[in-house]
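Heads up, the thing below is written out as structure tokens.
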Amino acid sequence: QRFGEMEVWALEAFGASHILQEILTIKSDDVVGRSKAYEAIVKGEPMPNPGIPESLNVLLHELRGLGLSINLE
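For what it's worth, full-length UniProt numbering labels the leading residue of the sequence shown as 1, then goes sequentially.
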């Protein structure tokens, strides 16, 4: 399922920050986070915090390849 830039803007304008966070992190390419979210739903536990999407890791590697020192805290 594709979620484009205009759809992101529409949700942002509507104030649906939790849905937007889920779409851009857990439902994106965070495979580990997706599994943890599924387990939490099945077990009736609170949702875990989303992890870092793989696309961000790729961007960080590209920026580090350019000689930039970037650290996530």
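Heads up, the beta-carbon is just placed ideally off N, CA and C, and yes, glycines get one too.
Quick check: the Cα distance between residue i and residue j, rounded to an integer number of angstroms?
i     : j     : result
Pro50 : Thr25 : 6 Å
Gly33 : Pro48 : 8 Å
Ile41 : Ala16 : 20 Å
Ser35 : Leu56 : 19 Å
Trp9  : His18 : 14 Å
Under 7 Å: does the beta carbon of residue i sit that close to some heavy atom of the ligand ADP?
i     : result
Leu66 : The ligand content of the structure shown is nil, which means the ligand ADP is not present either.
Rounded to the nearest angstrom, how far is the Cβ of residue i from that of residue j, given a contact under 8 Å?
i     : j     : result
Asp30 : Pro53 : 5 Å
Do you know whose CA, among the options, lies nearest residue i's CA?
i     : options                : result
Leu11 : Leu20, Ala37 and Glu39 : Leu20
Leu66 : Glu7, Val58 and Glu73  : Val58
Please list, in chain order, all residues of the same chain as residue i whose beta carbon is under 6 Å from its beta carbon, the five residues on each side excluded.
i     : result
Ile23 : Phe3
Apart from the five residues on each side of it in sequence, which residues of its chain come closer than 7 Å, Cβ to Cβ, to residue i?
i     : result
Leu63 : Ile70
Ala13 : none
Ala37 : Ile26, Met47 and Pro48
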